[in-house]
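Below is one structure; the comments refer to it alone.
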Amino acid sequence: MQYEAIVIGVSSGGMNVLKIISSSLPLHFNIPIIIVQHLSAHSDSHWIKLLNEKSHLNVTEADEKEKIKKGNIYIAPPNYHLLIEKDKTFSLTIDERVNFARPSIDVLFESAAEAYTNKLIGIVLTGSNSDGSKGIKRIKDCGGLVIIQDPETAESEYMPKSAIATIVPDYILPLEDIIELLIQLDQQER
Amino acid sequence: MRYKDTSDLEISLLLEAIFRKYGYDFREYSQAHIRRRIMNRMAVSGFEDVSQMQSKVLNDETFASELLQDLSITVTEMFRDPIFYKSLRENVIPILKTYPFIKIWHAGCATGEEAYSMAILLQEEGLYDRTTIYATDFNQMALNRAKDGIFSNKMIKEYTSNYQMAGGKESFSSYYTSNYDNVIMNQSLKKNIVWANHNLVTDSVFAEVNLILCRNVLIYFDKNLQNKVQTLFYNSLINGGVLCLGSKESLRFSDLYEQYSELDTKQRIFKKKY
């Protein structure tokens, strides 16, 4: 199985887990990662710079029409939905909020599932709303691999629990084990 | 549910049908967005596939107009991105002050919030009386609402905060009157706004203007269509005229990038070279 992209949805408690993920992945981690973190509409991109300084990979805000490439961790800009086109480029929209959120995890996940089908890994992490549950189901239905953060280990258990109530995930793991698993899956690619 | 493998083809045929029957052209829009809107409408209306829905679109004008509303995004705010309006005040107003008459084009104005924001800004800068604002959209329903200038009370708190962050000089409440759940924008703001139906994809240049604002419209278009619309803007601007795009929209990939200088790179404000 060759995975071509990882999508991650995270809400409250996300800053900490994103810091851990971006600083733990090794230099030659190949699979591009695309993240929706719920943020206020007016937040700036300073925190992305901080993540980037501590990461072996290139952490950057996803840009409109940008081609998705390996070695990058892309983060959805505040106040826009982030979608993935079938030619593996990004689209941004200002459509109405979904699950009270813009960017919405469901919007990213559903478009990613269509673009990558069974070559996609979908991950739901800590958060206190149900965004991501519909999207993770679409990823599963399209044959992708689904990983949920063990709610007992999540700072906010609601979002992982909501995802688990929607589908049977392939893995339910604490954060450290998720990172370990991603590194293994990435190495199998070569 | 996983969509059928033929759904891309069916969507493309539906867009062709909409264009040929109704004249609205979505064929060069970003596909992931169009797919999302169409699939949502299909699910809500209980169709099994896009082809089934296409027959309804072709034969039922009411349904077709609902779908057109789905495909036309009217999400907007007063003083959306306040820092942009601040920059407009600081960097563009001084340029406008040098002209005896000013023409401004809000392309894709939706329900008009940004056109009213502009009218407020110009009034505060003493320029409104010599300005005409052309506010255009292809969505007639949205234009009608813009013309009415009636907005929900619920948004006023956010708009007031946007207005203040944008460097507003008065009390925001002096620009509207409250009426039950709504506010009505002052008549004095409306007097120099011309609301007009114009489709960026299929219509052409209609005026020579000093300033064009087209924010968060081009993100919905593919690269080819973006370039076409950029050419339309270029041909509508006077030399030295100013073009404002959305905070995530760039001229960098456009063929016309070299023809502009950057007034504010971060707020995406560009000046057409002489």
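Residue numbers (the UniProt record's numbering), protein chains in the order written: chain Y, 1 to 190; chain B, 1 to 274. C-beta: ideal position from N, C-alpha, C; glycine also. Predicted model only: the values in this text are computed from it and were never measured.
- Sequence-distant partners of residue 66 (chain Y) (beyond 5 residues in either direction) whose C-beta falls short of 7 Å from its own C-beta, in its chain, are 89, 90.
- Residue 231 (chain B) sits away from residue 25 (chain B), with the two beta carbons spaced by 7 Å or more.
- Within a 10 Å sphere around the beta-carbon of residue 45 (chain B) sit fewer than 16 other beta-carbons, which makes this residue exposed.
- With respect to the C-alpha of residue 91 (chain B), the residue from B:274, B:268, B:273 having the closest C-alpha is B:268.
- Per DSSP, residue 108 (chain B) has no beta bridge partner at all.
- DSSP places residue 231 (chain B) outside any beta strand (DSSP E); the residue lies instead in the alpha helix (DSSP H), whose first and last residues are 223 to 236.
- Counted as a single uninterrupted DSSP element, the stretch harbouring residue 149 (chain B) is not any alpha helix (DSSP H), since DSSP gives it neither H nor E.
- Looking only at Y:85, Y:79, Y:69, the smallest Cα-Cα distance to residue 95 (chain Y) is reached by Y:79.
- Taking all protein chains shown into account, residue 174 (chain B) has fewer than 16 neighbouring C-beta atoms within 10 Å of its C-beta and is therefore exposed.
- When the beta-carbon positions are compared, residue 130 (chain Y) and residue 104 (chain Y) stay at least 7 Å from each other.
- For residue 257 (chain B) and residue 272 (chain B), the gap between their C-alpha atoms comes out near 10 Å.
- Beta-bridge partners of residue 271 (chain B) (DSSP): B:242, B:261.
- Around residue 33 (chain B), the beta-carbon contacts reaching into chain Y at under 8 Å are 83, 91, 93, 95.
- For residue 37 (chain B) and residue 126 (chain B), the gap between their C-alpha atoms comes out near 42 Å.
- If you compare the alpha carbons of Y:175, Y:86, Y:72, Y:53 with that of residue 32 (chain Y), the shortest gap goes to Y:72.
- Against chain Y, the CB of residue 75 (chain B) has a partner CB under 7 Å away; the residue lies at that interface.
- In this structure, DSSP gives residue 90 (chain Y) an extended state, which the three-state scheme calls strand.
- Annotation: the continuous alpha helix (DSSP H) that includes residue 33 (chain B) extends over 31 to 45.
- Take the alpha-carbon of residue 128 (chain B) and the one of residue 7 (chain Y): they are about 48 Å apart.
- Here residue 263 (chain B) has 91, 269, 271 as same chain residues with Cβ atoms under 6 Å from its own Cβ, once five neighbours each way along the sequence are excluded.
- The criterion of a C-beta distance shorter than 7 Å is satisfied by residue 145 (chain B) and residue 111 (chain B).
- Residue pairing from DSSP places residue 61 (chain Y) in a beta bridge opposite Y:75.
- When C-beta distances to chain Y are compared with 9 Å, the residues of the stretch 224 to 258 of chain B below that value are 226, 246, 247, 248, 249, 250, 253, in chain order.
- Using a Cβ-Cβ cut-off of 7 Å, residue 171 (chain Y) is close to nothing in chain B; its nearest Cβ partner there is about 21 Å away.
- Under the Cβ criterion (8 Å, minimum of three pairs), the stretch 132 to 150 of chain B counts as touching the stretch 189 to 197 of chain B.
- Across the stretch 205 to 226 of chain B, CB contacts with chain Y closer than 8 Å involve 216, 219, 220, 223, in sequence order along the chain.
- Contact between residue 111 (chain Y) and residue 32 (chain B) holds, since their C-beta atoms are separated by about 4 Å, short of 8 Å.
- Burial state of residue 74 (chain Y) is buried, judged by a 10 Å Cβ sphere holding 16 or more other Cβ atoms.
- DSSP places residue 62 (chain B) inside the alpha helix (DSSP H), whose first and last residues are 61 to 71.
- By the Cβ test, the stretch 109 to 125 of chain Y is in contact with the stretch 145 to 157 of chain Y, since at least three Cβ pairs between them sit closer than 8 Å.
- Neighbours of residue 30 (chain B) in chain Y, taken as residues at a C-beta separation under 7 Å, are given in chain order as 85, 91.
- If you look at residue 10 (chain Y), you'll find it in the beta strand (DSSP E) that goes 5 to 10.
- Remark: C-beta atoms of residue 77 (chain Y) and residue 248 (chain B) approach each other more closely than 7 Å.
- For the stretch 62 to 80 of chain Y, the beta-carbon criterion of a distance under 8 Å to any beta-carbon of chain B is satisfied by 63, 64, 65, 77, 80.
- Residue 148 (chain Y) carries a strand assignment under DSSP once its states are collapsed to helix, strand and coil.
- By alpha-carbon distance to residue 172 (chain B), the top candidate from B:98, B:179, B:124 is B:124.
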